[in-house]
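> Attaching a single structure in structure tokens format; questions to follow.
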Amino acid sequence: MLMNLFKFKGGVKPPTNKTQSVGLPIAQAPLPSSLIVPLHQSIGGTPRPVVQAGDKVLKGQLIGEADGWISAAVHAPTSGTVRAVAMHVQPHPSGLDALCVVIEPDGRDEWIDRQPLDYSALSPEEVRERLQQAGVVGLGGAVFPTHGKLTASKTVPMDELVINGAECEPFITCDDLLMRERAEEVVRGVGIFRDLLQPKKVLIGIEDNKPEAAAAMRAAVQAVGETFEVIQVPTLYPAGGAKQLIRVLTGKEVPASKRSTDLGVQCFNVATAYTAWRAVAHGEPVVSRLVTLSGNVQAPRNYEVLIGTPMGELLQLAQPQPDTDGIIMGGPMMGFLVPDANAPVVKATNCLIAHSAQLFPPKAPEMPCIRCGSCAQACPHELQPFEMYWFSRAKNFGKTQEYHIFDCIECGCCSFVCPSRIPLVSYFRFAKSEIWAREREKKAADTAKERFEFKQLREEREKAEKAEKLAKAAAAQAAKKAAEAAAAAAAENAPPADAPAPTTEQTVPVDAGMDAKKAAIEAAMARAKAQRAAAQPRNTELQDAAMQQEVAEIEARRAAAHLTDTEATTPAPAKEKTE
Amino acid sequence: MEILLAIAIMALGAIVLGAALGFASIKFKVEGDPLVEKIEAILPQTQCGQCGYPGCKPYAEAIANGEEINKCPPGGSEGVQRLADLLGREVKPLDAEEKPKAVALIDENTCIGCTLCIQACPVDAIVGAAKQMHTIVAALCTGCELCLPPCPVECISMETIGENIDNWKWKYPVVEIRPELRQAAASQEAA
Ligand code: SF4
Ligand code: SF4
Ligand code: SF4
Ligand code: SF4
């Protein structure tokens, strides 16, 4: 199969150191004494823990629920008891802690009820959801939730799907072994990605120093009956960088500001394809991964390791030499020294290298930059590392961004070739994290400003509303009184003239506007008087002698009561009783 | 005669240019004060009033009118540095001690639901209702401490935000001077 390959600029050829660990097949690492499973193992939201200390869990049981769409679930790697949900040191250059679920294995390694799905009957949405629920993330190192990459751009047709089996970093051989031993399942996993993205072509890129893996993959593609192309790419670090592999296979360049789907191409790691197939066809969430143990050890080999296995304990399997003084996670180019051997293996851990001063001699002190330009020649992204270095060092972060520091993939080629031994990548990492921190601060300040201004606006509005309400209430009161006064005046005018009061009242309503209250009171009194006056003479013609006597009696009693009332209030009831 | 002509030409030039400038100042008038906006963009927007002004914007206005630039404790010495860069003024040490960033935390068992802190918070970061427990939305809290004094039961405390994996930053690379490194350098040079 002949295909025109493109080239990326730069690149370096460090000693590959891969042969040590490919001699033996993949082995199963034994159950460790305890498993420490960090909840935050992928890009995106931190999963919420759904178990508590004391809970019994089975292998593959959900322990961390995905938080939001860009987030992936976390599962128990074996059956056992949850000892704690607590902070624990992380495999992170900072050596800081994060929330982990600590599980004590019961030794039975008992699975939950795994439910294989009939893949052909699933809709694309169901497949994506399944992948999220199974915690499938990019196992090449970026740990981006895979389901989030499986939606094709609506505007740009998907041309190529690139499957990354290049594995360019020295020492690491886990993808190589995976392709040699489990090629068929990798190919079936690629089939899932193909079905979801509908690309025109599927290209599987493997560096040409792995002929066995390439042969196994070709055979598997044929056996499964697919049309994927397996392409051997020249061995040149960092050919396994997603952007570099895309460039080599398709000629497309993906800038930092764009997603690769915008250019009609998407890239997945072979191990990701494998776990996707296991998740869909076998109902197995991601609870283990292949890890290369190499470096300063007697028995380098690839192991299938449960997520959460403490690194120090795991490395013992490869029998580290006595002068081992540290563990590197990842390769020597992009990896970092793990600050604590108790840190657990996570989904991003593809390799552990036993570190020794002999294997990795300390670098001589950094010298001034002589502007030789070697770094710019080695940079696979055609950046100018010496300029970025200069501005990072001077903390002139605006300038570093002008030199596209965010296109830097921290591959380490520039540091590798620098004759002055300048740790260029360390400067770039420093600059990037400062820029991110400022961005975060800026965002927080903007939110605070917005909320402060809104609060001021609201307070002013509330004040205005209150004042308005008060004014309205006062006006309403005045209007009511004026209306009452007017009504009273009208009432005075309307009743028949036989009432004696109206004549005196008639003059008052004239100045009602001036003293509404007084007018209202007087109007009310006048009304009452008028009513009384009107009520008194009623029904008198109907009274006979007996009634009149009764009335007189009542009147007399009332008069008596009234008399006692005026004398004193307290004895009144008693007097009334005696009556 | 010639001198009069020269004066006339210069005077004419002055009038024409003056008119052009006057026209430009009306036509291209900038709304608001761009300097105040630039200063305000540097201030941290904590709105705490520790600078002696009721918020960041008033302080920005005051700086533009000649007030000292070292009065904002939340901005820290870095803020002073950036203001000095912007305004071309001298860097001065901060007029207060620098505190690590913190957020307020209400002890929910002690809170009596008086709503006083809600009224004090400049960014509406406190949620609660009368006689109900109140709580602080940590993501919105600027750490201004304005809610501490009004609380009648003193149940609000400030919690410093420590370093965690999400806000951890790579450190500035330092050159380690160690004897074995020197030896390595020497042997490399010899080779
Ligand atoms: S390789 Fe090193 S010395 Fe040469 S230009 Fe780059 S940073 Fe400077
Ligand atoms: S680390 Fe960054 S700057 Fe250096 S070679 Fe790699 S991409 Fe270029
Ligand atoms: S001290 Fe700083 S943060 Fe606080 S109000 Fe003044 S300018 Fe704003
Ligand atoms: S909660 Fe308190 S410390 Fe936080 S912003 Fe509001 S008033 Fe300031």
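Heads up: the sequence lines are chains A and B, in that order.
If you count the first sequence from 1, position 119 lands on 119 in our numbering, and the numbers rise without skipping.
If you count the second sequence from 1, position 82 lands on 82 in our numbering, and the numbers rise without skipping.
Glycine included, every Cβ here is placed at the ideal spot set by N, Cα and C.
As the structure is a prediction and not an experimental result, all values here were calculated from the model.
(1) If we require 4 or more residues per run, which alpha helix (DSSP H) segments fall completely within the stretch 89 to 171 of chain B?
(2) Relative to ligand 1, what is the chain-ordered list of residues with a Cβ closer than 7 Å to any of its non-hydrogen atoms?
(3) Answer yes or no: do G205/A and I231/A have a C-beta to C-beta separation smaller than 7 Å?
(4) Go through its chain and collect everything with a Cβ distance to M597/A's Cβ below 8 Å, but skip five positions before and after it.
(5) Give every residue of the same chain whose Cβ lies closer than 8 Å to the Cβ of P509/A, excluding the five residues on either side of it in the sequence, and list them in chain order.
(6) Roughly how many whole angstroms lie between the Cα atoms of R289/A and Y237/A?
(7) Please specify which runs of the alpha helix (DSSP H), each continuous and at least 4 residues long, are wholly inside the stretch 17 to 89 of chain B, giving them in chain order.
(8) Using CA atoms only, rank isn't needed, just tell me which of D55/A, K449/A and G264/A is closest to V102/A.
(9) Given a threshold of 16 other Cβ atoms within 10 Å of its Cβ, counted over all protein chains shown, does D175/A qualify as buried or as exposed?
(10) The stretch 78 to 96 of chain A: which residues have C-beta closer than 7 Å to a C-beta of chain B, in chain order?
(11) If you draw a straight line from the alpha carbon of P199/A to that of P157/A, how long is it in whole angstroms?
(12) Would you list the one or two residues that DSSP bridges to K59/A?
(13) Relative to chain A, which residues along the stretch 133 to 145 of chain B have a C-beta separation below 8 Å, given in chain order?
(14) If contact means a Cβ-Cβ distance below 7 Å, which residues of the stretch 116 to 128 of chain B contact chain A?
(15) If we count the other Cβ atoms within 10 Å of its Cβ and call it buried at 16 or more, is T507/A buried or exposed?
(16) Counting pairs of Cβ atoms below 8 Å between the stretch 310 to 327 of chain A and the stretch 203 to 218 of chain A, do you hit three or more?
(17) By Cβ distance, which residues of its chain are closer than 7 Å to P423/A, with the 5 residues on each side in sequence left out?
(18) Helix, strand or coil, according to DSSP, for E229/A in the structure here?
(19) Closer than 8 Å by C-beta to D323/A: which residues in its own chain qualify, once you throw out the five before and the five after it? Chain order, please.
(20) So, does the stretch 176 to 196 of chain A touch the stretch 268 to 288 of chain A, judging by three or more C-beta pairs under 8 Å?
(21) Name the chain B residues whose beta carbon is nearer than 7 Å to that of K449/A?
(22) Residues of chain A with CB under 7 Å from K169/B, in chain order?
(23) Among R438/A, K472/A and P91/A, which residue has its Cα nearest to the Cα of G326/A?
(24) Between Y172/B and chain A, is there a C-beta pair that is closer than 7 Å?
(25) A499/A to A130/B, Cα distance in whole Å?
(26) For D407/A, tell me which candidate among A348/A, E553/A, K363/A and P255/A has the shortest Cα-Cα distance.
(27) Measure the Cβ-Cβ separation of A14/B and V36/B and say whether it is below 7 Å.
(28) With a threshold of 7 Å between beta carbons, is I39/B in contact with chain A?
(29) When the Cα atoms are used, what is the spatial distance from G283/A to H147/A?
(30) Along the stretch 414 to 428 of chain A, where does the CB come closer than 7 Å to a CB of chain B? Name the residues.
(31) List, in chain order, every chain A residue whose beta-carbon is nearer than 7 Å to that of G55/B.
(32) Does the beta-carbon of Q41/A have 16 or more other beta-carbons within 10 angstroms, so that it is buried, or is it exposed?
(33) Using beta carbons (cut-off 7 Å, strictly below), is A394/A in contact with chain B?
(34) Taking only runs of the alpha helix (DSSP H) that begin and end inside the stretch 297 to 380 of chain A, which ones reach a length of at least 4 residues, in chain order?
(35) Please confirm whether K455/A has its beta-carbon closer than 7 Å to some beta-carbon of chain B.
(36) Given that E163/B touches chain A, what residues does it touch there, using C-beta distances under 9 Å?
Reading it off the structure:
(1) List check, alpha helix (DSSP H) in window: 116 to 120.
(2) With 7 Å as the limit between CB and the heavy atoms of ligand 1, the residues that fall short of it are C369/A, I370/A, R371/A, C372/A, G373/A, S374/A, C375/A, A376/A, P385/A, F386/A, Y389/A, C414/A, V417/A, C418/A, P419/A, S420/A, I422/A and L424/A.
(3) To locate residue 205/A, count along the first sequence from 1; it is residue 205. To locate residue 231/A, count along the first sequence from 1; it is residue 231. With contacts defined by Cβ atoms closer than 7 Å, G205/A and I231/A form a contacting pair.
(4) In the structure as shown, chain A begins at 1 and stops at 579. Residue 597/A is therefore absent and cannot be evaluated.
(5) Numbered from 1 along the first sequence, position 509 holds the residue referred to as residue 509/A. Any reading at P509/A must be qualified, since the residue scores a pLDDT of 46, below 50, and its modelled position is unreliable; no value is offered.
(6) For the purposes of this step, residue 289/A is taken as residue 289 along the first sequence, with counting starting at 1. For the purposes of this step, residue 237/A is taken as residue 237 along the first sequence, with counting starting at 1. Spanning the two alpha carbons is a distance of roughly 24 Å.
(7) Restricting attention to alpha helix (DSSP H) runs no shorter than 4 residues, the stretch 17 to 89 of chain B encloses them at 34 to 42, 56 to 64 and 76 to 87, ordered along the chain.
(8) Here residue 102/A refers to the residue found at position 102 of the first sequence. The shortest Cα separation from V102/A among D55/A, K449/A and G264/A belongs to D55/A.
(9) Within the first sequence, numbered from 1, the residue matching residue 175/A stands at position 175. Burial of D175/A is indicated by the presence of at least 16 other C-beta atoms within 10 angstroms of its C-beta.
(10) Within the stretch 78 to 96 of chain A, the residues whose Cβ lies closer than 7 Å to any Cβ of chain B are, in chain order, Q90, H92, S94 and L96.
(11) Translated into positions along the first sequence, residue 199/A becomes position 199. Translated into positions along the first sequence, residue 157/A becomes position 157. Rounded to the nearest angstrom, the two C-alpha atoms are 8 Å apart.
(12) For the purposes of this step, residue 59/A is identified with residue 59 of the first sequence, where counting begins at 1. Within the DSSP bridge table, the entry for K59/A names W111/A as partners.
(13) Per Cβ criterion, the list reads L140 and T142.
(14) Those would be P122, V123 and D124, in chain order.
(15) Here residue 507/A refers to the residue found at position 507 when the first sequence is read from its first residue. Note that T507/A scores 47 on pLDDT, short of 50, meaning its location in the model is unreliable; the coordinates nonetheless yield the value given after this. With fewer than 16 other beta carbons inside 10 angstroms of its own, T507/A counts as exposed.
(16) The stretch 310 to 327 of chain A vs the stretch 203 to 218 of chain A: no contact.
(17) If you number the first sequence from 1, residue 423/A lands on position 423. Contacts found: E366 and S415.
(18) Along the first sequence, read from residue 1 onward, the residue named residue 229/A stands at position 229. Look at E229/A here: in three-state DSSP terms it is strand.
(19) Reading the first sequence from its first residue, position 323 is the one you call residue 323/A. Contacts found: N296, S356, A357 and Q358.
(20) Taking a contact to require three or more Cβ pairs closer than 8 Å, the stretch 176 to 196 of chain A and the stretch 268 to 288 of chain A qualify as touching.
(21) Looking up residue 449/A in the first sequence gives position 449. Ordered by position in chain B, the residues that pass the 7 Å Cβ test against K449/A are Q45.
(22) Locating residue 169/B in the second sequence gives position 169, counting from the first residue. Residues of chain A with a Cβ closer than 7 Å to the Cβ of K169/B are, in chain order, S433, E434 and A437.
(23) The residue given as residue 326/A occupies position 326 in the first sequence. Relative to G326/A, the option among R438/A, K472/A and P91/A whose CA is nearest is P91/A.
(24) Sequence index remark: in the second sequence, residue 172/B carries index 172 (1-based). Chain A contact via Cβ: present.
(25) Counting from 1 along the first sequence, the entry for residue 499/A is found at position 499. Counting from 1 along the second sequence, the entry for residue 130/B is found at position 130. In this prediction, A499/A has a pLDDT of 47, which is less than 50 and means its spatial position is unreliable; nothing more can be read from the coordinates.
(26) For this step, residue 407/A is matched to residue 407 along the first sequence. Nearest to D407/A by C-alpha distance, out of A348/A, E553/A, K363/A and P255/A, is P255/A.
(27) Taking the first residue of the second sequence as position 1, residue 14/B is located at position 14. Taking the first residue of the second sequence as position 1, residue 36/B is located at position 36. Their beta carbons are not under 7 Å apart, which means A14/B does not touch V36/B by this criterion.
(28) To locate residue 39/B, count along the second sequence from 1; it is residue 39. No, I39/B does not count as interfacial toward chain A.
(29) Here residue 283/A refers to the residue found at position 283 of the first sequence. Here residue 147/A refers to the residue found at position 147 of the first sequence. Taking the straight line joining both Cα atoms gives about 16 Å.
(30) Correct list: P423, S426 and Y427.
(31) As a first step, residue 55/B must be located in the second sequence, where it is residue number 55. Residues of chain A passing the Cβ test: F452.
(32) The residue labelled residue 41/A in the question sits at position 41 within the first sequence. Buried: at least 16 other Cβ atoms inside 10 Å.
(33) The residue given as residue 394/A occupies position 394 in the first sequence. A394/A does not count as touching chain B.
(34) As for any alpha helix (DSSP H) of minimum length 4 sitting wholly inside the stretch 297 to 380 of chain A, the runs are 311 to 315 and 374 to 378, ordered along the chain.
(35) Sequence index remark: in the first sequence, residue 455/A carries index 455 (1-based). Put simply, the CB of K455/A is near chain B, with a gap under 7 Å to one of its CB atoms.
(36) Taking the second sequence and counting its residues from 1, one reaches residue 163/B at position 163. Simply S94 and L96.
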